[in-house]
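Encoded as structure tokens, the structure appears first; notes follow it.
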Ligand code: ASP
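In our numbering, the protein residues as written are 829 to 1258.
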């Protein structure tokens, strides 16, 4: 066990969690799992979140301060955002093509539609009111939100990661402008902090197999409850929708990311996927790209050879704004719901979906189930009743796991590509 690669240990935890979750659901051990197993998952996620702010801050300050001039920073920034947006558009296009081709919404029996709407009516109400709050924000609000008025309060919530990124970049730029003698002490402190944080991540990862076991067991417990047959019925009714989305997500990984890696780097695909696998597995188990961020950064730097300067800039930004999986899910779900409700979407509606999903995925928080709130806004933009979300809520958690994995894979593929173009990839640079 000691010499086993980390991703194998996590896979074992994941499979054990799956098996235990199934047994627990069929044996009715729900409250035992919640009381005695789930807390280990919560501790694991809390540890990951705990480390995210200091890690991003320390590595970004040292990363930016090591740049010789600020021009380089804006060049890297421009490239990163362009690739992020382009891959998101491709992802949405793949999803739209598949959902229009397979028409999964036409396959749901009417009785099932009524049943689903009744079961999830209450949940939709709470999601709709959250969506309403997001909608009331002005168009420039996301930019305003990036600039904090108090560093301590921004550091108090991981949701404010972009504010941390903003402050760290400002501090880094300030450091570049100071004479060496004056900036050294400050810089050495952050370098030290960064090293300590990386060591703490190694310690946290020792717990990963247990954490993943507990997270998966509790997810099954929550999704299935003590009623396996209802879930099987739900999965078979929505199976075609799930198939369409998962196929689209796999195609996106195979087309867009493999293209990026082949085009910009000489990295063998196996090396990339093996290196990033632990982060993918954590994304799958936590459904949160935010919580996975420390591991994504560590794997990109240590295993894939991305320089700290690139990873500390590209990855926190990606975790917050680059969500190819989420964007594709929002597009597929919107069209699926409109098909199920018997509403035909015109070409212009579909174009609106491309635009709104790209924007919505940028605004989606890197936490579980955030994508569905933005989906309500997308539905409204094409005139589909938001109550239709009830149709897909039952299987949303499972799809959240898959789309978050794609989100994280996308961030890593872009980080490796940008590093290669900047000659900051240790090996396999083009
Ligand atoms: N859970 C996703 C993430 O953290 C966001 C979403 O699609 O709900 O990347």
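C-beta atoms are modelled at their ideal positions from N, C-alpha and C, and glycine is treated no differently.
Looking at the DSSP output, residue 832 sits in no beta bridge, so it has no partner there. The C-alpha of residue 1194 lies about 12 Å from the C-alpha of residue 1201. At a cut-off of 6 Å, the beta-carbon of residue 1196 counts as near ligand 1: some heavy atom of the ligand is closer than that. Counting C-beta atoms within 10 angstroms of its own C-beta, residue 916 has 16 or more neighbours from the protein chains shown and is therefore classed as buried. Judged by their CB atoms, residue 1153 and residue 1235 are nearer to each other than the 7 Å cut-off.
One Cα belongs to residue 892, the other to residue 1141, and the distance between them is close to 8 Å. Scanning the stretch 975–1039 from its first residue to its last, the whole alpha helix (DSSP H) runs of 4-plus residues come out as 979–982, 989–1005 and 1008–1034. Remark: the shortest separation between the CB of residue 1192 and any heavy atom of ligand 1 falls under 6 Å.
The criterion of a C-beta distance shorter than 7 Å is satisfied by residue 1092 and residue 1249.
Excluding residues up to 5 positions away in sequence, 1190 lie with their Cβ nearer than 6 Å to the Cβ of residue 1149 in the same chain.
A residue is called buried when at least 16 other Cβ atoms come within 10 angstroms of its Cβ; residue 972 does not meet this threshold and is exposed. Between residue 1030 and residue 1146, the CB-CB gap reaches or exceeds 7 Å. Within the stretch 1126–1168, the complete alpha helix (DSSP H) segments at least 4 residues long are 1136–1149 and 1152–1168, listed from N- to C-terminus. The C-beta separation of residue 1076 from residue 922 comes to about 5 Å, placing the pair in contact by the 8 Å criterion. At least one heavy atom of ligand 1 lies less than 6 Å from the C-beta of residue 1199. Rounded to the nearest whole angstrom, the C-alpha separation of residue 882 and residue 905 is 22 Å. Within the DSSP bridge table, the entry for residue 1079 names no partner. Comparing alpha-carbon positions, the option among 1168, 931 and 1120 lying closest to residue 1036 turns out to be 1120. Taking the Cα of residue 1078 as reference, the smallest distance to any Cα among 957, 1027, 907 and 919 is reached at 919. At a threshold of 6 Å, residue 1047 does not count as near ligand 1, since its beta carbon sits no closer than that to any of the ligand's heavy atoms. Two segments are said to touch when three or more pairs of C-beta atoms, one from each, lie closer than 8 Å; by this definition the stretch 1042–1061 touches the stretch 860–880. When beta bridges are read from the DSSP output, residue 1257 appears opposite 1093. Shown here for residue 1173: same chain residues with a beta carbon closer than 7 Å to its own, the five before and five after excluded, namely 1163, 1166 and 1210 in chain order. Taking C-alpha positions only, residue 953 is separated from residue 1062 by approximately 21 Å.
Collapsing the DSSP output to three states places residue 936 in coil.
By the Cβ test, the stretch 1170–1184 is not in contact with the stretch 936–944, since fewer than three Cβ pairs between them sit closer than 8 Å. Short note on residue 1235: C-beta closer than 6 Å to some heavy atom of ligand 1. Counting the other CB atoms within 10 Å of its CB gives residue 949 a total below 16, which places it among the exposed residues.
Distances from the CB of residue 934 to the heavy atoms of ligand 1 are all 6 Å or more. Relative to ligand 1, the beta carbon of residue 1030 is positioned no closer than 6 Å to any heavy atom. The beta-carbon distance between residue 1160 and residue 992, rounded to whole angstroms, is 32 Å. This is too long to meet the 8 Å contact definition.
CA-CA distance, residue 1106 to residue 1098, rounds to 14 Å. Taking non-hydrogen atoms of ligand 1 into account, the C-beta of residue 1113 is found less than 6 Å away from none of them. Here DSSP, grouped into helix, strand and coil, assigns residue 1172 to coil.
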